Each structure stands twice: as C-alpha cells, then as structure tokens.
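J.: I'd like to ask you about the structure that follows.
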Amino acid sequence: MKEGRKTRRCAARVVALGALLLVASQAAWQEPLHAASPSSIFEGEVRASSDRTMRQLYAARNYAPLWSEGSRLSDAAEDVLARLETADADGLDPRDYQVKRLRAAFDDAASSPKDLARAEVQLSRAFLKYARDLRRSRAADMVYVDPALIPTAPSPGTALDRASGVGPKSASMQEALGTHPLYEQLREAYVRWQDRWGDLPQTRISEATPLRAGARGERVEDLRVRLGLPAGDVFDAATTAAVRAFQSGHGLTATGIADAATIDILNSGARSFAAKLRLNLERARALPTAANRYVLVDAAAQRLWMYQDGRPVDSMKVIVGRVTEPTPMLAAYIRSAVLNPYWNVPPDLVQTRVAPKVLSQGLNHLRAERYQVLSDWSDNAKPVDAKTIDWRAVARGEVEVPMRQLPGPKNSMGNMKFMFPNQFGVYLHDTPDKRLFGAADRKQSAGCVRLEDARRLGRWLFGRVPSTKSNAPEQSVPLKSPVPVYITYLTVAPTPDGIALRDDIYGRDGEGGTRLAGRR
Numbered sequence: 093m094k095e096g097r098k099t100r101r102c103a104a105r106v107v108a109l110g111a112l113l114l115v116a117s118q119a120a121w122q123e124p125l126h127a128a129s130p131s132s133i134f135e136g137e138v139r140a141s142s143d144r145t146m147r148q149l150y151a152a153r154n155y156a157p158l159w160s161e162g163s164r165l166s167d168a169a170e171d172v173l174a175r176l177e178t179a180d181a182d183g184l185d186p187r188d189y190q191v192k193r194l195r196a197a198f199d200d201a202a203s204s205p206k207d208l209a210r211a212e213v214q215l216s217r218a219f220l221k222y223a224r225d226l227r228r229s230r231a232a233d234m235v236y237v238d239p240a241l242i243p244t245a246p247s248p249g250t251a252l253d254r255a256s257g258v259g260p261k262s263a264s265m266q267e268a269l270g271t272h273p274l275y276e277q278l279r280e281a282y283v284r285w286q287d288r289w290g291d292l293p294q295t296r297i298s299e300a301t302p303l304r305a306g307a308r309g310e311r312v313e314d315l316r317v318r319l320g321l322p323a324g325d326v327f328d329a330a331t332t333a334a335v336r337a338f339q340s341g342h343g344l345t346a347t348g349i350a351d352a353a354t355i356d357i358l359n360s361g362a363r364s365f366a367a368k369l370r371l372n373l374e375r376a377r378a379l380p381t382a383a384n385r386y387v388l389v390d391a392a393a394q395r396l397w398m399y400q401d402g403r404p405v406d407s408m409k410v411i412v413g414r415v416t417e418p419t420p421m422l423a424a425y426i427r428s429a430v431l432n433p434y435w436n437v438p439p440d441l442v443q444t445r446v447a448p449k450v451l452s453q454g455l456n457h458l459r460a461e462r463y464q465v466l467s468d469w470s471d472n473a474k475p476v477d478a479k480t481i482d483w484r485a486v487a488r489g490e491v492e493v494p495m496r497q498l499p500g501p502k503n504s505m506g507n508m509k510f511m512f513p514n515q516f517g518v519y520l521h522d523t524p525d526k527r528l529f530g531a532a533d534r535k536q537s538a539g540c541v542r543l544e545d546a547r548r549l550g551r552w553l554f555g556r557v558p559s560t561k562s563n564a565p566e567q568s569v570p571l572k573s574p575v576p577v578y579i580t581y582l583t584v585a586p587t588p589d590g591i592a593l594r595d596d597i598y599g600r601d602g603e604g605g606t607r608l609a610g611r612r
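Add 92 to a position in the sequence shown, counting from 1, and you land on the number used in my numbering.
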C-alpha cells in the first residue's frame, strides 16, 4: 500500500516536471519568433526614415548596411569621413557635413541596430550632399561647347555603391564622385601640403642674398621660425632639410638654399598658396570625365596629352596663344581632320605684317607667300585682283581685306588641322615652323594650338595618318567616333613627387583668386 502511494507520488512529480519542461521548451522556441533580429530592426528604422530617397536607396539594396561591418565602421566609411573632413580642399566647408557628429553616431550605435540605421542614413545623406556640392561649386572659366561634356555627379545609387563597395582607394572615390584623375591627384597633393605647411607661423624674412648652410643671423632665425624649427640663428643641417622639403612641397627645385624664389613663396604666406592651389583644383574639377579616350591640352604647361582609360599614353609640346590672344579653356569634340588647309589670315596681321611688305616689296610678296585676296569671308568667296586694293589704306587700318594663304610648305596651318567647331575659332593644327618648339616660352599663336607632331596625333585619333586621294585644298576626313578635346590652364599641377608650379602666363590666377575669395 505504501509502495503504491510512493509510486503515485513519484509519477505525479514526473508529470509535473514534464509539464514544466514542456512549457519551458515552448517558451524557448517561441522567443525567437517574437524577438526582432538586428537586420529587421535596421530595416524597420530605415523604413521609418522621413527621407524618401534614403528609403528607396536602401530598399534597392535589401536594407543591407553600407558603412558598417558588425559593430565597426568599414574602411570605405572611414575613407568617406576622411574625405568630408578635408572638404576645404574642394572649396567647401567641412562643417556642412557634421563629421564629428557622424563619428559619434556610429560610436553610440555599436550595440544598437536602430541607432546604427540612423547613423547609416546620416552618413549616406552627408556623402550625397557633398557629391552635389562638389558640382555646384564649379567656378572655372571652362566653356562647354558640347553640352554633353558638362560634368555631372553620378546618380545617388551609383555614388553610394561605388563609395561603399569598391574600397578606400582614391580611384574608387574618383569613380563615386565622377571627378577627373588630375583633380584627385591635385587634391591629394593639397591635403598633404595643408597637413605639412598650412599652419606654420607666418614670419616675414627680409629679402637680400640667398641663405645657405653655415649662414647665421636674424634672417636665419626668422627662416627657422617660418619653417617650424626650434629657435636658433644657425643655418644647420636641419634647416637645409626643412628648406629642401618646403621647396619640394611648393613646386620648386629642392636645392636646400633659400633663394629669392623660395623666400618669395615663404613671405607670400600659406593662405596665398592655398588659394592658388584651390583655384587650380576648380579648373581640374571642371574637366569632363565621361570619355575613356580624349585629348588634353594645358595652355599653362604648353603641352598636349593623349589619354586612354584614365591615363596619359602620349604627349607632345604645343604652341599656345600670345598674352594678347590667349588660348581659351574649353571642352569640345574633335570631329574631323582637314588636309591641305587654307589659312585665313587675321585682319590685324594683314594690316601689320602683309600690307607693309606689299608696300616695300610689291605684289610679288603675295605670290611668294601664296596669299590670296578674297571678296568676303563666305564659303562662296571669289578671288580678288590684288592690284585693285589700296594697300596704304590697309596698312593704316582704314580698309579691311579678307585674305587666305593657299596650301603649301609655307602655309601656317601646315599639312593638317583638327576641327572642333567652337565660338572662339580655335583648333589644333600643324605648323611649318618647327624651330619654335625648341623654346621654353611657346606663346606664339593667335589662340590656336600648334602641334609639335600633327601626324602622330592624327595616327592616334584615326588609327592611321589621315589621308585622301585628292591634293585639293580643304579635304575633310571625318572621325568615325568624335574624340573629346579639353583645353585647360593649370598653374599648379600634380606630379609623381608632389606638385609643379607654372607661370601664370595669362594673368588668370589673380582674377580667379579674387573670385574665390569673394565666394568664401
């Protein structure tokens, strides 16, 4: 009897324990069904965002985080934040992008999917604002002859995908923002320059003889202060090294001697040099990026480059416009080559060069140089007998005579020219006077760009040297696919070692610097 009661009590305990285990087991299985996963919390918070663009962009990516890996910022996010922190290099205000607040938001979101979603949206929004501002801020005097060449920012989705997915290298940022390689290279040089030289004391150094190793005195003391060195009045090895570094960072030959050019830049101050850098960044940012194959002419460098897949594959010297007839900054499409071209002589040259020689040498001068007087400048112009022209009146500027030079070895256009119709009437062309390319200063044209080797450029453009079966004048050879040409003006340009300074041959830096200062 007792054993039966004991058995029943044990059985009851087993049943009760089983019931408890069943309830506990059901609770254990049911809990995950009711507790939201981190990914669903992230998705819900993004869906709740008031920013419709952000909702659409993240929905298209299945609400996957773009800028975080677990509880830490991704390398791509660090790259974007670093870019926003240095937005002053772009002529923008870093405070507009609230980088400190963004970093704090990600720090606070380490264990909260909801806070992480908010931080993600904030960073995506800040980056897209920066991409838009980068394009709105263009102030360079670039003329886009073909509207299709006007640089535009990539679509928001493309920009976010490239910035967050490609990686932290500058090439990915270039793709994300749609900027030109020269811009990214010059921007990187600016950031390095700002870190090294932007905040040093502005102490003036009196201008006298160059300072070099072994020198002593007050000027050396001022130089050391200006370079951020410890106090002292001896030009020692550390001073030599600092001068060398300064020269390299400012596009000067690194001699270690504080010569007149070095002291001039030291005295002009960091603010002045920063303005010059930013102005050239504006010009580089104005360069189109849509084409993989294009011609780039830098009038300040007096040089032309042929670009393929984002890098230069060939280059040559060019002759650019005189100070009074500067080569313009423009972007257009090269559509054809013209073989055996005429040269339409500018009216001022007819007055100042041709007419005086006709008066001194007679009409034989016209025949020797193959000049032809025309009835007008139309396509249907007729030749006019030069005997009927009052050449004294032409020389005095009272009569304007349309004139062209026939094709031949003396023709100023050479054997070919490359046409990109534009309002300035400029183009790239050959020249018979090759000796001019031996000069360092090649400002000799009326605005057009004369080529050191027109045949080489033609071969690159067409895949062969352009030719026709006819020797007739003005034979047009169309390009199957037009090739962009960009003419710019960089007085500070990137180099593998830093930057190169070029003379402001057209005096444009003063005007541009004033405009930028006013904008800031």
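Here a beta-carbon is modelled for each residue, glycine too, at the ideal position from N, C-alpha and C. Computed from a predicted model, the values in this text were never measured in an experiment.
1. How many angstroms separate the CA atom of Val577 from the CA atom of Tyr386?
2. Taking a contact to mean a Cβ-Cβ separation below 8 angstroms, would you say Leu149 touches Ser204 in this structure?
3. Under a three-way DSSP split, which group does Asn436 fall into?
4. Who are the near neighbours of Ser141 in its chain, counting only those whose CB is closer than 7 angstroms to its CB and skipping five residues on each side?
5. So is the beta-carbon of Arg175 under 7 angstroms away from any non-hydrogen atom of the ligand MN?
6. Tell me whether Asp314 is buried or exposed, calling it buried when 16 or more other Cβ atoms sit within 10 Å of its Cβ.
7. Which residues does DSSP pair with Lys409 in a beta bridge?
8. So, is Ala305 buried or exposed, given that buried needs 16 or more other C-beta atoms within 10 angstroms?
9. Measuring only the C-alpha atoms, how far is Ser573 from Gly517?
10. DSSP three-state label for Ile579, please.
11. If you measure between the beta carbons of Ser256 and Trp159, is that distance less than 8 angstroms?
12. Use the C-beta contact count for Ala116: other C-beta atoms within 10 angstroms, 16 or more gives buried, fewer gives exposed.
13. Let me know the alpha helix (DSSP H) ranges lying completely inside the stretch 512 to 556, each 4 residues or longer, listed in chain order.
14. What does the alpha-carbon distance come out to for the pair Gly341 and Tyr189?
15. Terminal residues of the continuous beta strand (DSSP E) containing Gly590?
16. Check whether the Cβ atoms of Thr267 and Arg279 sit closer than 8 angstroms, and answer yes or no.
17. What's the call for Ala174, buried or exposed, on a 16-neighbour Cβ count within 10 Å?
18. Which of the three DSSP states, helix, strand or coil, is assigned to Val317?
19. Can you tell me whether Ile137 is buried or exposed? The criterion is at least 16 other CB atoms within 10 Å of its CB, across all chains shown.
20. Compute the distance between the beta-carbons of Asp325 and Glu310, then report whether it is under 8 angstroms.
21. Alpha carbon to alpha carbon, what distance is there between Ser407 and Leu608?
22. Could you check what DSSP says for Val387 in three-state terms: helix, strand or coil?
23. Near Gly361, which residues of its chain fall below 6 angstroms by C-beta distance, leaving aside the five closest residues on each side in sequence?
24. So which of Arg556, Tyr399, Trp435, Met421 has the shortest CA-CA distance to Ala382?
25. Rounded to whole angstroms, what is the Cα-Cα separation between Pro404 and Arg414?
26. Could you compute how far the alpha carbon of Ala323 sits from the alpha carbon of Val317?
27. So what's Ala119 in DSSP terms, helix, strand or just coil?
28. In the DSSP assignment, the beta strand (DSSP E) including Thr354 goes from what residue to what residue?
29. In the DSSP output, what is Pro570 paired with across the bridge?
T.: Taking the structure as given:
1. Within the sequence shown, numbered from 1, the residue matching residue 577 stands at position 485. Within the sequence shown, numbered from 1, the residue matching residue 386 stands at position 294. Going by the C-alpha atoms only, they are around 6 angstroms apart.
2. Mapped onto the sequence shown, residue 149 falls at position 57. Mapped onto the sequence shown, residue 204 falls at position 112. Leu149 places its beta carbon 8 angstroms or farther from that of Ser204.
3. In the sequence shown, counting from the first residue as 1, residue 436 sits at position 344. Asn436: strand per DSSP, three-state reduction.
4. The residue labelled residue 141 in the question sits at position 49 within the sequence shown. So the list reads Arg147, Val213, once near-sequence residues are dropped.
5. With respect to the ligand MN, the structure offers nothing, as it holds no ligand at all.
6. Residue mapping note: residue 314 aligns to position 222 of the sequence shown, counting from 1. Its Cβ being crowded by 16 or more others within 10 Å, Asp314 is buried.
7. Taking the sequence shown and counting its residues from 1, one reaches residue 409 at position 317. As computed with DSSP, Lys409 is found in a beta bridge with Arg395.
8. Working through the sequence shown from its first residue, we reach residue 305 at position 213. Within a 10 Å sphere around the beta-carbon of Ala305 sit fewer than 16 other beta-carbons, which makes this residue exposed.
9. What you label residue 573 is simply residue 481 of the sequence shown in a count that begins at 1. What you label residue 517 is simply residue 425 of the sequence shown in a count that begins at 1. Each residue's Cα considered, the two are about 22 angstroms apart.
10. As a working mapping, residue 579 is identified with position 487 in the sequence shown. The DSSP-derived three-state label of Ile579 is strand.
11. Position 164 of the sequence shown, counted from the start, is the residue given in the question as residue 256. Position 67 of the sequence shown, counted from the start, is the residue given in the question as residue 159. Ser256 places its beta carbon less than 8 angstroms from that of Trp159.
12. Residue 116 sits at position 24 when you count from the first residue of the sequence shown. Low confidence applies here, because Ala116 scores a pLDDT of 41, under 50, leaving its location unreliable; read the following figure in that light. Counting every other CB atom within 10 Å of its CB across the protein chains shown gives Ala116 a total below 16, marking it as exposed.
13. DSSP runs (the alpha helix (DSSP H)) wholly in the stretch 512 to 556: 546 to 554.
14. Within the sequence shown, residue 341 is the residue found at index 249, counting from 1. Within the sequence shown, residue 189 is the residue found at index 97, counting from 1. Each residue's alpha carbon lies about 29 angstroms from the other.
15. The residue given as residue 590 occupies position 498 in the sequence shown. In this chain, the beta strand (DSSP E) harbouring Gly590 covers 590 to 593.
16. Taking the sequence shown and counting its residues from 1, the one referred to as residue 267 is at position 175. Taking the sequence shown and counting its residues from 1, the one referred to as residue 279 is at position 187. Before going further, note that residue 267 is Glu rather than Thr in the sequence given. Judged by beta-carbon spacing, Arg279 lies beyond the 8 angstroms limit of Glu267, meaning their Cβ atoms are not closer than that value.
17. The residue given as residue 174 occupies position 82 in the sequence shown. Answer is exposed; the Cβ neighbour count stays below 16.
18. Along the sequence shown, read from residue 1 onward, the residue named residue 317 stands at position 225. Three-state result, Val317: helix.
19. In the sequence shown, the residue the question calls residue 137 occupies position 45. Rather than Ile, the amino acid found at residue 137 in this sequence is Glu. Residue burial annotation: Glu137 is buried, with at least 16 other C-beta atoms found within 10 angstroms of its C-beta.
20. Against the sequence shown, residue 325 aligns to sequence position 233. Against the sequence shown, residue 310 aligns to sequence position 218. For the pair Asp325 and Glu310, the CB atoms are nearer than the 8 angstroms cut-off.
21. Stepping through the sequence shown from its first residue, residue 608 is reached at position 516. Stepping through the sequence shown from its first residue, residue 407 is reached at position 315. The predicted position of Leu608 is uncertain, since its pLDDT is 44 and thus under 50; no value can be drawn from it.
22. Looking up residue 387 in the sequence shown gives position 295. Strand, per DSSP.
23. As a working mapping, residue 361 is identified with position 269 in the sequence shown. Only Gln294 meet the Cβ criterion.
24. Position 290 of the sequence shown holds residue 382. Checking every option, the nearest Cα to that of Ala382 belongs to Tyr399.
25. By 1-based counting over the sequence shown, the position of residue 404 is 312. By 1-based counting over the sequence shown, the position of residue 414 is 322. A straight-line Cα-Cα distance of about 26 angstroms links Pro404 and Arg414.
26. For the purposes of this step, residue 323 is taken as residue 231 along the sequence shown, with counting starting at 1. For the purposes of this step, residue 317 is taken as residue 225 along the sequence shown, with counting starting at 1. Whole-angstrom Cα-Cα distance: 7 angstroms.
27. Along the sequence shown, read from residue 1 onward, the residue named residue 119 stands at position 27. Confidence in Ala119 is poor, its pLDDT being 40 and thus under 50, which makes the residue's placement unreliable; the coordinate value appears in the next sentence. In the structure shown, Ala119 falls within a helical segment according to DSSP collapsed to helix, strand and coil.
28. Along the sequence shown, read from residue 1 onward, the residue named residue 354 stands at position 262. Here Thr354 belongs to no beta strand (DSSP E); instead the alpha helix (DSSP H) covers 352 to 360.
29. Walking along the sequence shown from the start, residue 570 turns up at place 478. BP columns for Pro570 point to Ser428.
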